[in-house]
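Colleague: In full-length UniProt numbering, the protein residues as written are 1 to 556.
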DNA sequence: CGCCACGGCGCC
DNA sequence: AAAGGGCGCCGTGGCG
């Protein structure tokens, strides 16, 4: 039976307490105090590698690493698990901190998750390490009680093994997120700088607008015959209208169809101004230090289980700028992305025979086109995306009808999820992550079909959300399981290979060049394990396309 | 002045 | 008849 160990750092200094637990959370004795908690944790990790139980990984693990602890294999993140369990139990929108979970056990009023506020209304500084526990509560006692309760709640669910796996994967992801945030993505400021200069001209002093953008703006004024601010969609819309071009928006795809000299200039301006504003020199100075871009990953930051990031926009790095991501000398980047992950997830979830056949080693859309669309890959793709996202009209209507007749099980799965959402219900991913319940206002408006409050559009919209949730959340589980497996596979390769980036269905490992083949093998093994863990004996293939490169931009 | 919604666009 | 999911971040423009 796997041993667990509860961890509570002291509020100040480097000491703290540990308490060994059995799998169900029963303490093996009294807590033991250590002056150097990181050293003791490292010693026990080498000796027995227990699953570390703590209130929140982003604080506890960072605290330990700051104090020299070695990397840890496994944990149970009470806050992340609480969030999953609240969903399982249909108790959405409840606070999920250790303090809140403990208050629920004790039948006390629940503290909010937001920063605590004192009597003066100001946030209470340094309250975070108590995780919203009241001053009189012993953090170790609360941690042990909440953890034991969580183990019971996992066992009481419909699929305890799946939820256990989900909790372990979510917690492992939290470990990886802390490590990746600290290691950072290699980022060559000089390459970034050359790229910006080639696009925008020399860097202007004092954060001013690059000359080229000013020139483009002037050109736009001439082409439209009036002064305009190209950063203002409203102004541009009316300026185009007066020039005889009626637009419903200033979106790029619409401008591309406009035959007017201002349209091309405007498109060029938008492209360049975006790079300058979002990933220009100011961005680099704010986010890149010592050759590394260090984003803060937010595990479970998206309801579907995808990660989010705080600051730096790490999950939206433009492809163009990937040229600045270069491995250190003697190193390589192993870049692995899962191809066509979401349609493959749909195939595996639904067990649809035809879609499973298409979800083999090759191009899924091409196989689909071969089977049902006379080889027209574009139509096959439009249809399948529409099925997963909930588009029903326009150019998708005809391909959708084909899919419904040829792949009935796959379509039935997404359409059932949509109906559940339209009716105000909740849906679940494969491992049991639960979609949020619609708000009370939504239920009032969409609930009664014939009253004046009826809002079919809101119902349809929520149906599209739940339809996609099942797919997106299960895809996120596959990716999370893959990441966790890869992290474990990399451990025996030593301290060289490091996970440095994770973006929904793609992972990047920075490694000494001579270990790149071993890392590539680890990636393949991780993908296989993720499939086995989440879908069991499915015949659907989840190919991971792996590239060993020096520069991220070359991985395509 | 800060706060917020919105349009728009980057990524998946 | 039409009806495309999830994020973060930028600048604008309206508000108090």
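By construction, the Cβ of each residue, glycine as well, lies at the ideal position given by its N, Cα and C atoms.
#1: Using 8 Å as the cut-off, can you tell me whether the segment 167 to 183 makes contact with the segment 227 to 245, which would need three or more C-beta pairs spanning the two stretches below that distance?
#2: Cα separation between residue 20 and residue 75?
#3: Going straight from the alpha carbon of residue 358 to that of residue 137, what length do you get?
#4: Does residue 322 pass the burial test, meaning 16 or more other C-beta atoms within 10 Å, or should it be called exposed?
#5: With the cut-off set at 9 Å, would you say residue 22 and residue 53 are in Cβ contact?
#6: Could you please give me the residues that DSSP links to residue 501 through a beta bridge?
#7: Suppose you measure from the CA of residue 531 to the CA of residue 538; what does that come to, to the nearest Å?
#8: Quick check on residue 546: buried or exposed, where buried means 16 or more other Cβ atoms within 10 Å of its Cβ?
#9: Among 101, 18, 374 and 146, which one has its Cα closest to the Cα of residue 42?
#10: Spatial neighbours of residue 250 within its chain, please: CB distance less than 7 Å, with the 5 preceding and 5 following residues excluded, ordered by chain position.
#11: Which complete alpha helix (DSSP H) runs does the segment 309 to 392 hold, if anything under 4 residues is left out?
#12: Any idea what DSSP makes of residue 515, helix, strand or coil?
#13: Mapping DSSP to helix, strand and coil, what is residue 307?
#14: Can we say the segment 363 to 380 touches the segment 327 to 344, given the rule of at least three CB pairs closer than 8 Å?
#15: According to the neighbour-count rule (16 or more other Cβ atoms, all chains shown, within 10 Å of its Cβ), is residue 253 buried or exposed?
#16: The beta strand (DSSP E) with residue 9 in it runs from where to where?
#17: I need the straight-line Cα distance from residue 307 to residue 216, nearest angstrom please.
#18: Excluding the five sequence neighbours on either side, which residues of its own chain have a C-beta within less than 7 Å of the C-beta of residue 326, listed in chain order?
#19: Whole angstroms are fine: how far does the CA of residue 108 sit from the CA of residue 209?
#20: By how many angstroms is the C-alpha of residue 284 removed from the C-alpha of residue 193?
#21: What alpha helix (DSSP H) runs, 4 residues minimum, are completely inside the segment 35 to 80?
#22: I'd like to check one pair, residue 101 with residue 82: are the Cβ atoms closer than 9 Å?
#23: Cα-Cα, which of 212, 196 and 261 is closest to residue 224?
#24: Just to confirm my understanding: we take residue 300, look at its own chain, exclude 5 residues before and 5 after, and list those with CB closer than 7 Å. What are they?
#25: Drop a sphere of 10 angstroms on the beta-carbon of residue 112, count the other beta-carbons inside from all chains shown, and report buried for 16 or more, exposed for fewer.
#26: Can at least three beta-carbon pairs, one atom from the segment 452 to 466 and one from the segment 494 to 510, be found at a separation below 8 Å?
#27: Given residue 372, which residues of its chain have a CB within under 6 Å of its CB, disregarding the five upstream and five downstream residues?
#28: Is residue 542 helix, strand or coil by DSSP?
#29: Roughly how many angstroms lie between the CA atoms of residue 14 and residue 412, to the nearest whole one?
#30: Return yes when the Cβ of residue 486 is within less than 9 Å of the Cβ of residue 522, no when it is not.
#31: For residue 480, which residues of its own chain have a beta-carbon under 6 Å away from its beta-carbon, when the five flanking residues on both sides are left out?
#32: Looking at the unbroken beta strand (DSSP E) that takes in residue 552, where does it start and where does it end?
#33: For residue 296, which residues does DSSP report across the bridge?
#34: Starting from residue 461, trace the alpha helix (DSSP H) in both directions and tell me its first and last residue.
#35: So, for residue 270: in the same chain, excluding its five sequence neighbours on each side, which residues have a beta-carbon less than 7 Å away from its beta-carbon?
#36: Tell me where the beta strand (DSSP E) around residue 209 begins and ends.
Modeller: Quick answer:
#1: no
#2: 13 Å
#3: 57 Å
#4: buried
#5: no
#6: 508
#7: 8 Å
#8: buried
#9: 18
#10: 233, 236 and 237
#11: 341 to 350, 353 to 358, 364 to 372 and 377 to 389
#12: helix
#13: coil
#14: yes
#15: exposed
#16: 4 to 9
#17: 37 Å
#18: 186, 188, 191, 550 and 551
#19: 55 Å
#20: 9 Å
#21: 37 to 47 and 57 to 66
#22: yes
#23: 261
#24: 80, 83 and 170
#25: exposed
#26: no
#27: 402 and 406
#28: coil
#29: 56 Å
#30: yes
#31: 169 and 173
#32: From DSSP, residue 552 is part of no beta strand (DSSP E); its letter is neither H nor E.
#33: 310
#34: 456 to 490
#35: 252
#36: No beta strand (DSSP E) contains residue 209, which DSSP labels as neither H nor E.
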